[in-house]
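Numbering (our numbering), first residue to last: 4 to 567.
Right, here's the structure in full:
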C-alpha cells in the first residue's frame, strides 16, 4: 500500500442534515423503479399516493440554511394539499425544465405525458383558516403510445426538448412547446428501458435496459443505437449517468451473483474501464454526478447511507459516506446554480425517508469566508443555448454557464464533442481497471532468482552443514581435568551466533569427509565418554553405560551418580 495520500479538495466533504424537514408526506407506493422525486431551481415534485388516478405534489425546495419560501410555509404538510392531477394511473416519473423553474413534466402509467406550469400563487394561504386547496391542471398532454411512460428527461442545451421512455421499448423526442407528435423515435431495445441520460451538449443519449445492454444513440443520425455493449450481468435495475463534459459514463447495477456494482465506461467505443463490486444489498443504486466538482454520489434504495466518489485519472476514488439510520425510498439533487456557495455547499440532496422529505447538504470545510472559486466553477445557467427547432434542424451548441460569484452568464468554452458513429459489437466481460491490471503483472520473461553469489543470506536461510563423525581419539594424555572438559565441549556443534556465515561450496564434499568411517552415534558417544571419563573427578560409578547416557556418575556428560 502506498504511503502517500492522494491529494483532493473533496477529501473532507461531509453531509449535513437540515433541522427543517417536511413531515406528513404521502409518498407514492408504486413499485416502479424511479427516484420518486425531482428538483428544479425552486420547487420539488414528489410522486404522491392518491386513491384514484395519479398525482404529484409541488413543494418549495428550501435551503437547509434558511426557512422555506414563501415565508410561513408549513413544514408539517396538511392532510389535503394542492396536487397536480392529470393522469388516470399512477405517476411514475417527473422532470423539471433546466431553463424554466416553473415548468415540469410527468410521465404516467396511463401512457400520457403531462406538461405543467407552476404559479407562485399556488402556495398562498397554505395552512391558514378557511384555506381551500385547488388542484393544478395540466397545460398540455402528449400521447406516448398508450404504454406506461417510465422515464422523462429534458435536453441540457435546447429549450422544450424532452426525451421519454415508454413500455413499448421506444424512446421518443418531443418539442413540448409546439408539437403533439414525437419528432424522433429511437428503437432497438429488447426489453424495458431502465434509465437514460444526455451528454453535456445533448448530442448523445445513453440508456440501460432490462436486456442487460448498454446503448448509445445519436438521435439526429438515425433511429438505431450507434454503440451497444454488454452491461451489468444481473437481472435487477441498472442506471446510467454521464460524467460531465467528457466521453465517460458511470453505471450502477448488479452482478450475476447479485453484488451491487458501479462501472466506468469509455463512450468512444463503449469499452469498460473498471467494474467495482460494493456490497450484496438488494436496493437499486441511484447515481448522481456533481458536474464541475467531479463527485459521484451513490444512494441505494433501502440504504441509510450515501457513498460519494471523486472521478480522477480515469478511475473512481472513494471519498466518504453520509450515514443515517433512516432508509431512503427516493432521492434527487438540486441544480448547481441553486446551491448556497456562502456555505461551501457543493451539492444538495432531498431524501425521501418514511413520511419525511429531508434536505441534505454536502459541504467542503474551509476556514476562509470568501468565495472559493476552486470548488465552484461556472454552472449551467437558466438560459438555453438552442431552441427546439434549432436542435431538430441539426444544430449543436455548448450550454450557457453562470458564474456563481458574479451571477454573470456566458457561453461555456471548449470543443463540441462529436457523437459516436457506427454500431459496435457487444463488448466482452468487463475488463479490470488499470490499477488492478498493474497489480497483477507477471514477472518478466528473463527473470531469474538470485544466485548464491548475491549478498550473503542470514544463517536461517542457509542449509545446515553436515557435522563430521569424529574418528577414534588417540590414547589419553594426562591433562588438567577442567581443560579436558573444555576440549570436549569445543567438539560439540557451535551455536548459530558463533558460526561464521559461509556460502555452501558448489564442489563435492571433501574427501576426508567422504572417508570418515560409518558408525552409529550411540557407539561414538559411548567410546568418547569411556575414553575421557578417567580424566574427570567422579564419584562411585555403578553402571558405565548409565554414565554414557548421563544417568550414572558425575563426569563431563553432566550425569549424577549415587554416593557410596
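We treat Cβ as the ideally placed atom computed from N, Cα and C, and that holds for glycine. Given the structure is predicted, the values throughout are model-derived calculations rather than measurements.
By the C-beta density criterion, residue 194 is exposed, having fewer than 16 other C-beta atoms within 10 angstroms.
Counting the other CB atoms within 10 Å of its CB gives residue 107 a total of 16 or more, which places it among the buried residues.
Annotation for residue 394: the continuous alpha helix (DSSP H) segment containing it runs 391-395. Excluding sequence positions up to five before and after residue 15, its CB lies within less than 6 angstroms of the CB of 368, all in the same chain and listed in chain order. By the neighbour-count criterion, in which a residue is buried when 16 or more other Cβ atoms sit within 10 angstroms of its Cβ, residue 401 is buried. Less than 8 angstroms divides the Cβ of residue 176 from the Cβ of residue 222. DSSP, reduced to helix, strand and coil, places residue 375 outside both helices and strands of the structure shown, so it counts as coil. Considering only 27, 200 and 233, the residue with the shortest C-alpha distance to residue 214 is 233. The shortest C-alpha to C-alpha distance from residue 314 to any of 326, 293, 303 and 327 is the one to 293. Under the DSSP assignment, residue 166 falls in the beta strand (DSSP E) whose first and last residues are 164-169. Beta bridge pairing from DSSP links residue 260 with no other residue. Residue 88 counts as buried, since at least 16 other C-beta atoms from the protein chains shown sit within 10 angstroms of its C-beta.
The straight-line gap separating the alpha-carbon atoms of residue 197 and residue 409 is approximately 39 angstroms. Residue 304 counts as buried, since no fewer than 16 other beta carbons sit within 10 angstroms of its beta carbon. CA-to-CA, the gap between residue 27 and residue 267 works out to about 39 angstroms. By the neighbour-count criterion, in which a residue is buried when 16 or more other Cβ atoms sit within 10 angstroms of its Cβ, residue 83 is exposed. A direct Cα-Cα distance of roughly 15 angstroms separates residue 282 from residue 236. For residue 337, same chain residues with a beta-carbon under 7 angstroms away, outside a window of 5 residues either side, are 42, 64 and 351 in chain order.
For the 8 angstroms CB-CB criterion, residue 58 and residue 86 form a contact.
CA-to-CA, the gap between residue 257 and residue 280 works out to about 8 angstroms. Here residue 102 carries a coil assignment [DSSP, helix/strand/coil]. Following the DSSP letters along the chain, one finds residue 220 inside the beta strand (DSSP E) bounded by residues 216-220. Within the same chain, and ignoring the five residues on either side of residue 220 in sequence, the residues whose Cβ sits closer than 6 angstroms to its Cβ are 189, 208 and 228. The C-beta separation of residue 390 from residue 403 comes to about 13 angstroms, leaving the pair out of contact by the 8 angstroms criterion. Remark: C-beta atoms of residue 167 and residue 178 do not approach each other more closely than 8 angstroms. Look at residue 357 here: in three-state DSSP terms it is coil, with no helix or strand label.
Comparing alpha-carbon positions, the option among 19, 112, 164 and 77 lying closest to residue 68 turns out to be 19. In this structure, residue 332 lies near residue 356, with their beta-carbon atoms less than 8 angstroms apart. Sorting 364, 156, 99 and 375 by C-alpha distance to the C-alpha of residue 22 places 364 at the top. Of the residues 224, 201 and 205, the one whose Cα lies closest to the Cα of residue 242 is 201. For the set 132, 95, 162 and 371, the Cα lying nearest the Cα of residue 38 is the one of 95. For residue 373, the number of other beta carbons within 10 angstroms of its own is below 16, and it is reported as exposed. Rounded to the nearest angstrom, the Cβ distance from residue 151 to residue 170 is 4 angstroms, consistent with a contact under 8 angstroms.
With a threshold of 16 other beta carbon atoms within 10 Å, residue 419 falls short and is exposed. Listed as beta-bridge partners of residue 18 by DSSP are 365. Scanning 91, 54 and 62 for the CA closest to the CA of residue 127 turns up 62.
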